[in-house]
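**Q** Can you read through this structure? Questions will come right after.
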Amino acid sequence: MTVALYAIGLVLIVEGLVYVLAPSIVEDLLAMLRSLPEGQRRTLGLLAMIAGLIFVWTAKALGA
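Start counting the sequence shown at 7; every next residue gets the next number (the numbering used here).
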């Protein structure tokens, strides 16, 4: 449970930093995402999820 709380906290920190450091870029990216068809947005979400799983698996394999 502690690891899950750390993970959620880190996600919120990174997301918050993006909005603090580059809010106009975030708005542009959101507009670009809105213009994509639903299928492409789903594919991007799936790829992001797979990248996250690979990242977590690699960290676990390295003993982090």
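Note that the Cβ used here is the ideal one computed from N, Cα and C, for glycine as well.
#1: Determine the DSSP secondary structure at GLY51, reduced to helix, strand or coil.
#2: Does the separation of the CB atoms of ARG47 and LEU39 fall below 8 Å?
#3: In whole angstroms, what separates the C-alpha of GLY51 from that of LEU68?
#4: How far does the alpha helix (DSSP H) with MET7 in it extend, from its first residue to its last?
**A** Judging by the given coordinates:
#1: Correct three-state label for GLY51: helix.
#2: Their beta carbons are under 8 Å apart, which means ARG47 touches LEU39 by this criterion.
#3: Their backbone Cα atoms lie some 26 Å apart in a straight line.
#4: Note, MET7: premise wrong, no alpha helix (DSSP H); not H, not E.
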